[in-house]
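Chains as they are written, first to last, in this note's numbering: chain L, 9 to 368; chain A, 291 to 587.
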Amino acid sequence: MSDIVLKEVSKSFGAVSVLDKVSMHIQSGEFIVFLGPSGCGKSTLLRMIAGLEDVTEGEIHLGGRRVDQLPPNERGVAMVFQNYALYPHMTVRDNMSFGLQNVGTPKPEIIRRVDDAARMLEITQLLERKPAQLSGGQRQRVAIGRAIVRDPKAFLLDEPLSNLDAGLRVRTRLELAQLHNRIKATMIFVTHDQTEAMTLATRIVVMNNRRIEQIGTPMEIYSRPATRFVASFVGSPAMSFLPVTTVSDVGGKAAFSFAGQKPVTTSVPFVGLPNSNLTFGIRAEAAHIDPNGDIEGVADVVERLGERSLIYTRLADGSTLVAEDNGVSSVQAGEPVRIAIDGQAAMVFDEAGTAYHAAA
Amino acid sequence: MSIADSRNPALGAAGTTTTSRKLRAFDIGGLILTLITLVFAILWAFPIYWGVITSLKPESQVISKTVEFLPRTWTIEAYWEVFANTMIGRWYVNSLVTSLGVTAITLVTSALTAYALSQLRFPGRTVLWYLILASFMVPLTALIVNHFILMAQLSLINTWMGVILPQLIHPVVIIVYKNFFDSVPKEYREAAKMDSASEWRIFSRIYLPMNWGVTTALAIVTFIGAWNAFLWPFLAVSKPEMMNVAVGITQVNDAFGVHYARELAAAILAALLVAVLYLIFQRRVTQAIMLSAGVKG
């Protein structure tokens, strides 16, 4: 078993705190993605699990054993670095063998494991090349291969796709998902790219400002974000946030008015809602251009994405609501538009950013 | 139209003349520069040329009333004399052993010191680093009496070790190595740590091979420096059979009186190895000199 348990892990560099009491339980075989903006502490957390950074406070357990005081090589984890860190003077085979040589693995065993990993990653024909003779994608595979041969309890991947061009990134993402399915190892993947997080993760850990904002499956994170930060960080285009003017009770459900529009009835229970400083949140796919819609505004910008169009609509109070229309939308910038909102998909946030959803 | 037509050829012709005049002016400037460079090159090379042709003259023709740019009689007699009557073979061996010894020990110790200073965290690290930087400011000649007394106390006068030990102090080699180790991205070290590599393995399998170019460059300059060293080997050795080439050739004078052809033959033999090395490794030597001057090539 290779569960990873973090108990109130904190990290500070001198007086500067970079992680504050982070706790989580990662199940064996999960693909966990640490998602967050630059500087949120996600890479530091990964490096702490790897043993490359000391833990200031708290405990890290791996496979039932406390590891936070152990050196990196005794933790049974392998890491893939953002720039791959392939030793430039060694061939691919030597790069992949180095770790096994260091622990005195017999030579035939090293050759067998390197060959197996190379076959799995389809890099057999590259084994005698030097890293400089490889493309970015090939280097990436070698870096993963170097991790695989050590047969670690967990793979730690620090933004491994960020140095690849867009097309290759999508392909490698897919291969990584397939690899995870095949070897069923615990993987922790750090990224600031929400698409990578959504497509790869069994669970996403959204981090912001030294803390965990939410842990959940990609769809939970997307549909039921715990905080306004998560709602704004995940999803493209970003969720529209509209300051609520009045809240009313419609048969136990809350109806919200904003920007002088007709109230929108939602599935959010009225009971338990704070009655001031609320923000209404709605994603573009739940707000459609509709001549019979209740919301009135003026199209500010029209983005045509091919399969759909995004209409950035300015409301009376100056706030912006992003609505969807079909790909061949006839809406032109500057025109008045009407929008229909699907209240079932709406959510609200209080002043502190906590989200209120429809009852699950 | 007609005005323009009649003007155009004239303009064109004028244009061409200006260009060719400019070209010619440039050529003349270039020629003058080349000539000046050539004059300096001749001035610089002349003593070497004079040494070579003198060593190829019979001793009787060395001193003559006229200036002779080529020997009247070509001979390698002077070289035979040096080989037959001096211990130049032995001196060569001494020079090779001491220079290789100095180079090997300096490089190994400096690379290890630099690695520790660059990559390890231990108490006193900063103090050690400043001490090394400070030692850079002390000329070796200022310590020569201390070195002599120390070597005498260790009974190392007239031994290879006695010649080698005081020449091992090369802070600049440590400084250059440290700069290079510092600039290795830390991910390599971290990857090696994850790969269970010991500090020795990280040093010998990652850091040293990644800086192989620096090592060869530093090896060449250290070797040339040790080969050309005169003052310390001159003090540390009094027995002719323990002398290195640089010290030995001064003995040619003592043994034969002033015999220019032989002296120059000995000097040319002494310089030969370094000259050949320099020709082979010219680029590396230039790189090394730039490195030790703080310029990264």
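Idealized CB from N, CA, C, for every residue including glycine.
**Q.** Segment contact, 8 Å Cβ cut-off, at least three pairs: the stretch 280-293 of chain L with the stretch 317-333 of chain L
**A.** yes
Q: Would you check if the distance between the CB atom of T210 of chain L and the CB atom of I40 of chain L is smaller than 9 Å?
A: Stepping through the first sequence from its first residue, residue 210 of chain L is reached at position 202. Stepping through the first sequence from its first residue, residue 40 of chain L is reached at position 32. Contact flag set, yes.
Q) Does DSSP put G259 of chain L in a helix, in a strand, or in coil? A) Position 251 of the first sequence, counted from the start, is the residue given in the question as residue 259 of chain L. Of the three classes helix, strand and coil, the one that applies to G259 of chain L here is coil, per DSSP.
Q. Are the CB atoms of L537 of chain A and F513 of chain A nearer to each other than 9 Å?
A. Here residue 537 of chain A refers to the residue found at position 247 of the second sequence. Here residue 513 of chain A refers to the residue found at position 223 of the second sequence. The residue you asked about is not Leu; residue 537 of chain A is Val in the sequence shown. No. Outside cutoff.
**Q.** Between the CA atoms of S20 of chain L and R154 of chain L - distance to the nearest angstrom
**A.** The count along the first sequence starts at 1 and reaches residue 154 of chain L at position 146. The count along the first sequence starts at 1 and reaches residue 20 of chain L at position 12. In a straight line, the C-alpha of R154 of chain L is about 31 Å away from that of S20 of chain L.
Q. How would you list, in chain order, the residues of chain L whose beta-carbon sits under 7 Å from the beta-carbon of S486 of chain A?
A. Counting from one through the second sequence, the residue named residue 486 of chain A turns up at place 196. What S486 of chain A touches in chain L: N81, G107, N110 and V111.
Q: Quick one: using the 10 Å Cβ neighbour count with 16 as the cut-off for buried, is Q352 of chain L buried or exposed?
A: Locating residue 352 of chain L in the first sequence gives position 344, counting from the first residue. Exposed: under 16 other Cβ atoms inside 10 Å.
Q.
On the CB-based measure, 16 or more other CB atoms within 10 Å of its CB, does V255 of chain L come out buried or exposed?
A. If you number the first sequence from 1, residue 255 of chain L lands on position 247. By the 10 Å Cβ count, V255 of chain L comes out buried.
Q: Buried or exposed for M451 of chain A, please, with buried defined as at least 16 other CB atoms from any protein chain shown within 10 angstroms of its CB.
A: As a first step, residue 451 of chain A is located in the second sequence; it is residue number 161 there, counting from the start. Burial call: exposed.
Q) If you count every other CB in all the chains shown that lies within 10 Å of the CB of W522 of chain A, and 16 or more means buried, which is it? A) By one-based count along the second sequence, residue 522 of chain A stands at place 232. Per the 10 Å Cβ criterion, buried.
Q) What in chain A is Cβ-close to F21 of chain L, meaning under 9 Å? A) For this step, residue 21 of chain L is matched to residue 13 along the first sequence. In chain order: nothing, as chain A lies at least about 15 Å away.
Q | Minimum length 4: unbroken alpha helix (DSSP H) runs contained in the stretch 473-532 of chain A | A | Here the runs fully enclosed are 476-484, 502-518 and 521-526.
Q. For K586 of chain A, which of helix, strand or coil comes out of DSSP?
A. Looking up residue 586 of chain A in the second sequence gives position 296. Here K586 of chain A scores only 49 on pLDDT, less than 50, and its place in the model is too uncertain to base an answer on.
Q. Taking the alpha carbon of K483 of chain A as the point to measure from, which residue in L:L60, L:E343, L:I156 and L:N300 has its own alpha carbon closest?
A. Along the second sequence, one-based indexing puts residue 483 of chain A at 193. It is L:L60.
(Q) Three or more C-beta pairs under 8 Å: does that hold for the stretch 369-377 of chain A against the stretch 463-478 of chain A? (A) no
Q | Straight-line gap, V561 of chain A to V527 of chain A (C-alpha atoms, nearest Å) | A | What you label residue 561 of chain A is simply residue 271 of the second sequence in a count that begins at 1. What you label residue 527 of chain A is simply residue 237 of the second sequence in a count that begins at 1. For the record, residue 561 of chain A in the displayed sequence is Ala; it is not Val. Near 20 Å, if we compare the C-alpha coordinates of V527 of chain A and A561 of chain A.
Q: Counting only runs of 3+ residues fully inside the stretch 30-89 of chain L, write out the beta strand (DSSP E) ranges in chain order.
A: As far as the stretch 30-89 of chain L is concerned, its whole beta strand (DSSP E) runs of at least 3 residues are 39-43, 65-70 and 85-88.
Q. S400 of chain A and I464 of chain A look like a contact to me (Cβ under 8 Å); what is the Cβ gap, rounded to whole Å?
A. Working through the second sequence from its first residue, we reach residue 400 of chain A at position 110. Working through the second sequence from its first residue, we reach residue 464 of chain A at position 174. Right, the Cβ-Cβ distance comes to about 5 Å (below 8 Å), so this counts as a contact.
Q: Measuring only between beta-carbons, confirm whether Q148 of chain L sits less than 9 Å from chain A.
A: Here the question's residue 148 of chain L lines up with position 140 in the first sequence. So no, Q148 of chain L is outside the interface.
**Q.** Delimiting residues of the alpha helix (DSSP H) encompassing G351 of chain L
**A.** Stepping through the first sequence from its first residue, residue 351 of chain L is reached at position 343. Element bounds for G351 of chain L: n/a, residue is neither H nor E.
Q.
Just to make sure I have the definition right: I need the residues of chain A whose C-beta is within less than 8 Å of the C-beta of F89 of chain L. Which are they?
A. Position 81 of the first sequence, counting from 1, holds the residue named residue 89 of chain L. Here the neighbours are E477, E480 and A481.
(Q) Could you compute how far the alpha carbon of P96 of chain L sits from the alpha carbon of R137 of chain L? (A) Translated into the one-based positions of the first sequence, residue 96 of chain L becomes position 88. Translated into the one-based positions of the first sequence, residue 137 of chain L becomes position 129. Between P96 of chain L and R137 of chain L, the alpha-carbon positions lie close to 10 Å from each other.
Q.
Just list the residues that DSSP pairs Q222 of chain L with in beta bridges.
A. Residue mapping note: residue 222 of chain L aligns to position 214 of the first sequence, counting from 1. Bridge partners of Q222 of chain L: L:V214.
Q.
By the three-class DSSP mapping on this structure, what secondary structure does T321 of chain L have?
A. Against the first sequence, residue 321 of chain L aligns to sequence position 313. If DSSP states are grouped into helix, strand and coil, T321 of chain L belongs with the strands.
Q | Nearest to G44 of chain L (by Cα), restricted to the options L:S231, L:T52 and L:A360 | A | Within the first sequence, numbered from 1, the residue matching residue 44 of chain L stands at position 36. For the residues L:S231, L:T52 and L:A360, the minimum Cα distance to G44 of chain L belongs to L:T52.
**Q.** Residues near D257 of chain L by beta carbon distance below 8 Å, same chain, minus five either side
**A.** Here residue 257 of chain L refers to the residue found at position 249 of the first sequence. Only A263 and F278 meet the Cβ criterion.
Q. Using the beta-carbon of each residue, which ones in chain A are nearer than 8 Å to P96 of chain L?
A. Mapped onto the first sequence, residue 96 of chain L falls at position 88. Residues of chain A passing the Cβ test: M500.
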